[in-house]
Structure formats: structure tokens, C-alpha cells
Amino acid sequence: MTFGSWLALMVALVLAYEAVRWLRQRALRDGGGRWRRFFRHPTTAWGCGILTFLVIIAIAAPLVAPLDPIVQPDPVGLKNLPPSWTFLMGTDVFSRDVWSRFAYGARISLGIGALGALIAVALGSLVGAVAGYYRRWIDSLLMRIVDIGLALPRIFILLMAVALWDRLPFAWLALVIGLTSWFGTSRLVRAEVLGLRERDFVVAARALGAPSGRVIFGHVLPNAAAPIIVSAALSVGNVLLLEASLSFLGIGVAPPTPSWGNMIADGALSMYGAPWTTLFAGLAISLVVMSLNAVADGLRDALDPREDAA
Amino acid sequence: MMAWLLRRLAASVAIIVAVVTFVFVLIHLAPGKPCAVGEGITDPEICRQLVRQFGLDQPILVQYWRYLVELAHGNLGYSFALHRPVRDAIADTAPFTLQLAGAALVFDFTLGLGLGIYQALRANRLPDIVLGNITLFVYSLPTFWLALLLLLLFGEKLPLFPVGGASDPILCPTVDSLYCLADRIWHLVLPAATLGLVGAAGTARFQRSAMLEVAKQDFVRTARAKGLPERRIVLRHQLRNALLSFITRFGLTFPFLLTGAVLIETIFAWPGMGRLTVDAILQRDYAVVTATALIASTMVVTGSLIADILLVLADPRIRIHDDAVGDIVTA
Amino acid sequence: MPRRYELLSILLAVAALGACERRQLCQAPDCGTLVDAAIGEPRTLLPTSAEETTAQDIDEQLFLKLADVGPSMNTVGDEDFQPLLAEKWEWDGPLTLVFHVDPRARWHDGQKVSAVDVAFTFDAYTDSAVASPFRAQLKRIASVTVRDSLTAVFRFRERYQEMFYDAVYHMRVLPAHLLRSVPRDQWKTAPFGRQPIGDGPYRFVSWQARQAIELRSDTTFFLGRPGIRRLIWRFTPDMGVAITQLIADQVDVREQILPPEAIERVRTAPQVKLYPYRGTVYTYLGFNLRANGDTTKPHPIFGDREVRRALTMAVDRASLVKSTLGDIGKVPPGPMSSLLWIWDPEVRQLPSDTVQAVRILNARGWRDHDGDGVRDRDGQPLAFRIMVPSTSMLRRQYAQLLQERFRLIGVHVEIDVVDGSVMQERTTSGKYDAAMLSRQNNPSPGTGIAQSWTRAGIGGSNVTRYDNPEFDRLVDRAISAMSRDQAKQYWRAAIETINADAPGIFLYALDNVAGIHQRVDNVQIRPDSWAALLRTWRIPPDRQIDRDRVEP
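Protein chains in written order, with our numbering: chain A, 22 to 331; chain B, 252 to 582; chain C, 2 to 553.
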């Protein structure tokens, strides 16, 4: 670790901590019931903090990472070194700095997670909204498709898709994962829309002759935001886990580009003697998913309409 | 009731057919053919068998029809990599996956329910908070990472359990005695625990929140106001209603188990369908891939059907809407 | 009785029942069960088509050769060979070899082994419909005929040093009466391959798909009763699991332990003893000299000899070996393993010289014209894909090391991890750029090198499609030379030719370390086939453990 990267790391830590603390204080002091409910449990704040920190690390990877993540400086002498002041997380079997790979890997993994979740939630919300709004045969048709999608265990389809098409660049990987992950969201959104449909403001809008598109995008979806947002938070975690599984099996992100998933796979080779590669990458994934779950819990509490009314 | 059941069954069959069609289309969309030189099989005799059996040189609709017809006769195709009919290969491996999934399910629900109920009873007090954070963490673990860690722990430091394989091939090639049953269970512990632990955390979280949801509802408040003892309230009302959500969740756990099984089986060398599928996909053994996708979906659809039936039986008040029953979505 | 004790007594009763149900203990002196952790599962056990080393190890116990190499591993002449199926032999003229089948030999179904089986075996091995990978090694034998029921006559096309070796080493004699009716083109998938009947020291018992293969000793074996009663090959998906099972005392044998760190782990296991022995495998990065997918045209990158030489020079083979293998690997002086007698580090090889490599690439027109860090020429980037089998973590590791080395000189490499069978299909049909390949050597240098590097091997093991008539001529001369010194000279010239042409980068030759349970006595390992002398191993009665005593 160079002085510069230590500095950047400290700045990232402090930044994340302060940002969340400031947000929490503002929320508890000035925010409405929703904000207060969001921060009710301390785990939510911690979750936000961890996520913010890792996102900063990902964005500022060139600053916090002292070394190039794919360069192998000395496969003989620097192989599998334990964590130290020079190598914060040790070196892996190819003598690469694990911390640098961790930081750049955060970009890839979180990036795929965000992109995949975006696609999944967007598609799911659209389908769910259309199904719930139009009902009758459109609804039946779409929900049948969703049933089929839910019936097929995702990993089979993903394995097949990735194996059959041999090589999938980063963006395509996120796309394929996203395309197989929207079914749950659509069900949620549909249930919400079915309820919203009969609400006054929607009925009024339709009575006034607004085109369906406007009603869906302008009135229904914004009010269905609660399940969509919660879904989004959880989807990122799911996509992240899927990417890690695929990379672990060797068909996700290709070497030498680091991703948390293929770092676990690389580390599995020398796990008994040098567990740190596997350990840190797996820990990172767990922490991110955990934070996302905590944040989703908080969101659910915050956006719960019953609490609003009460 | 009968009418609903028949409709549900018909819908399930339709879903399975749709899944098969989808997988079939997906495979034929992929570049390269299984019988072209260098792509999969170069052995001319097997190629000839293939073409004969699946009519590979015919238009895709004909191929599809042939495939469905063969399926109806119970013929799942021939595996090039294993040199046996796919049906045999699956018949060998499916029981192992079911054992693993079953054991994981048992582990999942006993631990999960117990924890969830305990947490709900002690809601917002210290035990609940501590357990809540622990379950949150465990729930977020990637199952294969947990598997690697457990392998490290029990393979190196504490050799308590066997690491790999389903049985001792010398003493117990088949389960034909009580001792061998115990041996099988002993081999099952690590993989099932890995798969079940993450599921248990999820079940605990879900059960806790479900029970707390019910606790807020009016009829419970009424019971409490009437002065009924706490234990009776819990047992009779909260538990019973929360149990309904649990039954729904049971149906939805299957896909999770099958997905997790794929990685767990690979890591623990458990000879189940998951490992068979991964091997087949890497070997471009298309017949096996389509067959396992089919079997897996059938398991999922059946699980969900059973869950729906149980739900209706458990609480006759539940209206029988076509898809409302499955609407309780979990994280 | 209080409820606690009721429960306890029930549990105890169940446990006692369970213990009673255990099988009876074996009392005889040859009781013993040896479990080997095998990597992967073989496809067939039919010797003509058995390609995996596991299958060959098992066939070693089931089927006999006419004779086998002795501990000296000398393949020249016939003095150092041990009789097996043939009790004696003699030369009837310079090109005729006569074998006398041992009259005590029996197939496991009771029939006597006869010379008819020997002739039938030769016919099958050389039949193109069977497509045996061993076919090419038998091309110098003109015919095998039957003189009488116990006498088989081999006729050769020419005189050379290893005539006897070729006659006996490659073929395992097959039962004509059981295989005659199987159509030759279906041999690879024949049921016999999954339920073989042989004449060797062990009989086939069972093959549990995806789990294990079990063999049992033939107590009436005419060359002596095997020392261990049961042999079990237990399939594991990869080396890591196999080694863990060895350490956890769930298996008895792991014939090869990798990577070097694992050897250290195994060393700490008290019940395992380590046996190092010379390795038979070498690994190289093979370049496809023909275009990917079109064998009629040269490869745009690898068709150029200078580029291949440059790529070879860019790699510091010694440091890569040190990094991944430590002490158990060596840099091979050519396409050979440390088993071969032609191993000579003094042979001329390409030096490791990155500067010169860069110079050559520049001279051939491969420069970075568009500034993206990758060299290109006429719009085509100097980029290719390396294919690696998913089962070999060592080769996967190497591929990543090579990827980085090449990146540093402006060559872009991507790695394709594919299944072993897919890799086999693609390399054989020429649909690849480069691949991490391994070859296993027989004791004779001629077989392996001819198969993998001469024109005769194209379409078979010569997947790089290296075709140099000068090289072929030198190899031929080396094989036919009548004296060892003469042969050595020709071999040296041949190796130097192929090193200069660089159809591949010869990366490492592994030495093996086997981990075997310490209770096993009289462990004899022949480097070319560790399981060849399994029947001589013993487990003394006073050292038997649980799994030995189980009566099958």
C-alpha cells in the first residue's frame, strides 16, 4: 500500500461514515415519519454505511488500489503472501495484490449487480403494471409467462445460456442475468397495481380521458414505488450472488479481469494454505448482500402504507 | 374445489410443456450443432443414431414434434458423454438430489421455524436483536462460499464428517442396512447443512415478520384484550396464521434448493442431478441438459401445487383465485 | 422410568441393532481393500478404446499383455522383459517373433486363453472401424497369425530396436469368443466395456455409475495370488476433493498429488506415506499451425515460424515452473517427460529472451499501429485464445501466467475453459487457436513423439498439425537405428529441429508423488504405469483396518 492509497482509503471510510451519519441525523430531526422509520433500526444505518463505503471504493478504485490488478509482478517470490502492510489483503497464487483486485473487482461485481437489477426491476415493473392495469387476457397471458419463468430454476437457464454462447462480455452477462430475474418483481408490482387501480386518483384520471400510458407511468407506477424500490434493493443482492456463482464455475467474468466471484474461484486453488483471497471476496459479497437486505428492511418499514395511515 | 384442482393441474402441465419448449428453442438457437465435426460428437455411428432419433436433418417443427412424442413414451434421449440413455443417468442421480434437498428442507424448516417463533416471542428484546443480525448475515452468505469454508473447517481442522461422496463405497455401496442408512446420513450432514443453513436464516426472518404481522391484527388484539393467556394466543392464532404463510413459502423454496444444489453438489462431490447438469452443460450434452431442465421444472411446479393444495386445506377461508394464492412473495 | 431414560434406551437399542447389522469380518490373510481416489470417471474399460489413465490402470488389473517391461524400463531387445501371458518366446528369423501362450491362463468365465485371442486382438487393435488410439503404434507389425492353439506368430515389416516392445507393450489380449460378435464400429460403446471379462489378476465386480468401480482378486491367478483382495476406484470430480479424502483417511491411494502445497498438506497426515517416482507426463502450449476451423490454410498467426519462435522466447519457462511446481517439475528440453532416456538438458533450445522476441515481432510487421496496447498487422490484432481443460487446475493456472507474459509484449490472449471431451473434439478437428495440452509417455520415445509430432499423427494426436519431413525422417532413423548411440544422435538432431520450429512451448514435465496408506506393504511403483505391479502389494493381517475386514 502506498501512502496515497492509504490516504484515499481513510478518506473513503470517513466519507462513508460521515455521509450516513449526517443523513441519519437530518432524517431523525427534520424528516417525516417515513425517514424516522427507515432509520429506526441501527442495522439499516450500518447497511447504508457499508454500501456507501464499498461504492466509493469501487468508484475510486484507481486511487485506493496501489497496484494494477492484473499484473503479476513475481509469481515465484510474491506468491500467496499473507496480509501485511504492503499487501493489505495479501497476494494471490499469481502474486497479484488481492486488495487491488478487490477494489477493481468491486467495480465489476457491483456494476453487474446494479445493471442486472436495473434491467430486472424495469422489466418486472413494466410487465407487472401492464398486467395489473389491463387485467383480463393480457393479465392471464403475462402471468402465465411469469409462472413459467418462476418454474425454471434460474441457474439452469443461466448455465445453458452462458455455456452455449461461449463468451459473454460484461454487459451481456448483466443483461442475461437481468432477463432471468424479473419474475418476482412483476408479481409484486401487479398485486400493488391491482389495488391502486381502484383508487380515486386513478379512476379520476381515466374518467378524464387520459391515455393508458399516461395513467400507468404518471399515476400508477409512482404510487407503486414501495414494492419496486424494495425489489430493486433485493435484486442487486440476487444478481451479485448469481454473478459470483457463475464466475466461480468458471463461466462468468473471464480472467484476468477481477470480480469477487472469480476471486473466490482463484483462491479456492490454494485455500488451505492461503485462504485470504477466498475469504475477503466472499466476505465482501456477504456484507453487500447483508447491507442490501438491511436497507430493504428499512425501506419496507418506511414505505409501509399501514404505518402511514396509523 | 374439484374444478379448481383440475384447473390448477391443467395449468401446471401447460407450464411444464412451455418450459420444455423454451429450453428446446434455446438450445437450437445456440450456434453450432451437436453433430457437426468438432462441435460435439465426431463419432459417426453416434451421429447417425442422433440424426435418426431426433431427426436432426429435418425442419425444427418436426424435430420438436418428435421430441414431444419421445417424451410421451418416457424416452428422454441418449447421453453422448455418458454413453447411456438419459433416463438411466437421471434415475441414478435424481434420488441423491432429492435426498439432499429433503434433508436441507428438514434442516431449514426445523431450525428456521424454531428461530423465527422464538424471535417473535421475544420481539425487540436482546435475544431477538442478536439473532436478527446473525440470521441477516447468514442469509446473505453465498452458499458456495459457505460450502468452501465448511470444507476447510471439517476437512482440515476437525475431521468429523466425510468430505465428499454420498457413501462409503466399500462398506455401503447401497443402503441395505441400518448401518448404511446411518452412513448415508453422516455423508449428508455437511452438504445438507450448508444448503439448509442459508435457507433457515431466510425462513427465520420470514417467520418472525409473518408472526409479528399477525400479532398486529385486530383479532389478536381482541384476544389479548379478552385476557386470554399469552401462550394460547401465540399457539392458537399467531402460529396458525403464520403457518399458512409458511406453507406457501415451502412451495417456493424448491427452486432455491435446486439452484443451491448445483453448486453444493459440485463442491461436495455429491452424485446428484445438479452435478450431472453442470458436467453435461460443459460437455455440450444437450439431451441431458434438456432432460434435467424438464425434471427440475416439474419438481418446482409440483412443489408449488402441493403448497397450494395444503394452503386451501389448511384454511378454507382462503378464496380460490387462480393466482392469488401464490401471491405472497418472499424476499 | 423417567422419560429421559426411556429415550436413551431406545437410542441404545437402535445403535446396537445398527452395529449388529454390520457385515461379518474377514479373517483370511489376503483380506484387504485398497481404495484409490480417481479423478473423473472413465467412459469404457475396453482396452482398445480406454483412453483415460484411470481406465488404463484398471485394465492393467483385468487384462494381460503378452509380456511387460522390467524394472529397468529398457525397451530395446527382449532380455529385460517379464513374461506375462506368454510363458516364453523365440525369434524365428530376423522379422518373425513366436510367442507361446501360457497354458495355465484362463479367462474369468472359465475358457482357456489361446493364440486365437492374440490374433483376434491384433486384428481389432489395427481395425480402423475400432479406431483405437493405439493403432498407430502397431503399424510396423505386418501380421499376427495362429500356428496352433497356444502359439502366435508375429511378422514385422522391418528390423528395428524395439520390435519386441511394440509387439507386447501396446496390446492387451482380448477374449475373441466374447467380442467377436460385437460390430467393430460399436466397440467404443459396447456393454463389454462396462462389464469386462479379462484374464488378469483381478476380476471385475461392479461399476456404480458416477461412484466407483470395484475389482476382486482372482485367487487362482496363474502367476500368483494377488496380495490385496479388493480394489476400489472411487471417482472424485477433482484433485482437491481427492486429496482431502486421502488426508481424511477415506481413501488409501492417490497416485499423483498436486499442487506442491498439497504435498505438504499430505505430509502432515500421519497415516499417509509419500512415494516419489519419475513422471510420464509433459505439458505444452500447442499452437494450431493450420487455420482455426479450416485445416487447408495456414494459421494467420501461428503459420509464421518466426512468430512462434518469438512467442516461445517471450516465456521464461524456468521461473514459471518454479512458481507453480517448485521441486516436482522440470523444464523439458523438448516434447518429452523425465521418464525417457533421451532427456538431455544440453540439447539446443530457444532461450528465454523477451528483447529478442519483441525484435522478431517488430520485424515481422506486428506492431501496435493503433495504440491500443495490442500488436496488429494489416488490421488484424495479434490476439488468440488458449483452450484449457476444466479439470486441470495446474493448466488453468499456467494459462493465466502465460496470458500475463504475452500481455507484456503486446499479445492479447483470452482463456477458454472447456470440458475435457470438448477440448478433445476441438483439437482433433483443428477448431482452436492454442491449447494447453498434456501428453503421457510410454517408456519408448518413439511412440509418443511419432504420434504427436509426425505427419502420421495428423488427425490423431498431432493436433498442432506440425508437418516437417526433415523431422519425420530423423525420427524414423532414430527408431530404426540398431545401436543406442546411433539412436541418441538422431534423437538429438530431431529434438533440436522441433525446438527450432517451435510448434508449441514445452512448458513442464511433472515428477509424481504418490500418497499411499502406510499400512500397505511391498509397494512397487513402475514409473510408466503406477498400477502395473499392484498385485504384489500386501496389507499384513496385523495392520488391517476397518475397511479391510469387511466381507464383500
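A virtual CB, placed ideally from N, CA and C, is assigned to each residue, including glycine.
- The Cβ atoms of Leu247/C and Arg235/C lie no closer than 7 Å to each other.
- For Val337/B, the enclosing alpha helix (DSSP H) has its first and last residue at 337-372.
- For Met164/A, DSSP records no beta bridge to any residue.
- Secondary structure of Thr473/B (DSSP, three-state): helix.
- Going by C-alpha positions, Thr269/C is about 30 Å away from Glu53/C.
- Residue nearest to Glu91/C within the set Ile450/C, Thr313/C, Val154/C, Ala532/C is Val154/C (criterion: CA-CA distance).
- Counting only runs of at least 3 residues, the region 482-533 of chain C fully encloses the following beta strand (DSSP E) elements, listed from N- to C-terminal order: 505-511, 513-518.
- Contact between the region 339-353 of chain C and the region 442-457 of chain C is established, with three or more Cβ pairs separated by less than 8 Å.
- The C-alpha of Gly453/B lies about 60 Å from the C-alpha of Pro176/C.
- Gln251/C sits in coil when the DSSP states are folded into three classes, being neither helix nor strand.
- For Leu270/A, the chain B residues whose Cβ falls inside 8 Å of its Cβ are Leu514, Thr517, Val529, in order along the chain.
- For the region 278-295 of chain A, the residues whose beta carbon sits under 7 Å from a beta carbon of chain B are, in order, Ile285, Ala289, Met292, Tyr293.
- For Gly366/C, there is no enclosing beta strand (DSSP E), as DSSP gives it neither H nor E.
- Comparing alpha carbon positions, the residue from Ile341/B, Leu257/B, Leu448/B closest to Phe360/B is Leu448/B.
- Interface annotation, Pro378/B: not in contact with chain C, CB-CB separation never under 7 Å.
- Leu67/C sits in coil when the DSSP states are folded into three classes, being neither helix nor strand.
- Against Thr344/B, the close residues of chain C are Ala210, Arg211, in the order they occur along the chain (beta-carbon pairs closer than 9 Å).
- Taken in chain order, the whole alpha helix (DSSP H) runs of length 4 or more contained in the region 214-273 of chain A are 221-228, 246-270.
- Below the 8 Å Cβ cutoff, chain C contributes Glu405, Arg408 as neighbours of Ile91/A, in chain order.
- Using a CB distance below 7 Å, the part of the region 235-256 of chain C facing chain B consists of Arg235, Thr237, Pro238, Val242, Thr245, Gln246, Ala249, Gln251, ordered along the chain.
- In this structure the region 134-143 of chain C touches the region 163-176 of chain C; the number of beta carbon pairs closer than 8 Å is three or more.
- Distances from the alpha-carbon of Leu151/C to those of Ala143/C, Ser115/C, Glu159/C put Ser115/C closest.
- According to the DSSP secondary-structure assignment, Val99/C is paired through a beta bridge with Glu91/C, Val154/C.
- If you look at Tyr278/C, you'll find it in the beta strand (DSSP E) that goes 273-278.
- Residue environment: Gln381/C is assigned as exposed (fewer than 16 neighbouring CB atoms within 10 Å of its CB, all protein chains considered).
- By DSSP's assignment, Glu415/C forms a beta bridge with Arg386/C.
- For the pair Pro522/B and Arg376/C, the CB atoms are not nearer than the 7 Å cut-off.
- Excluding five sequence positions before and after Thr97/C, the CB atoms of its chain that fall closer than 8 Å to its own CB belong to Val154, Phe155, Arg156, Phe157, given in chain order.
- Not one beta carbon of chain B lies nearer than 7 Å to the beta carbon of Ser393/C.
- Beta-carbon to beta-carbon, Asp186/C and Ala130/C are separated by about 5 Å, close enough to satisfy the 8 Å threshold.
- Judged by beta-carbon spacing, Thr428/C lies within the 7 Å limit of Val464/C, meaning their Cβ atoms are closer than that value.
- For Gly383/B, the CB contacts under 7 Å within the same chain, skipping 5 residues up- and downstream, are Gln370 in chain order.
- The continuous beta strand (DSSP E) containing Tyr203/C extends over residues 203-209.
- Between Ala192/A and Glu415/C the beta-carbon gap is near 17 Å, outside 8 Å, which marks them as no contact.
- For a cut-off of 8 Å, the C-beta gap from Ile272/A to Val183/A is around 5 Å, short enough to register as a contact.
- Contacts with chain A at 7 Å (Cβ-Cβ) do not include Ser439/C.
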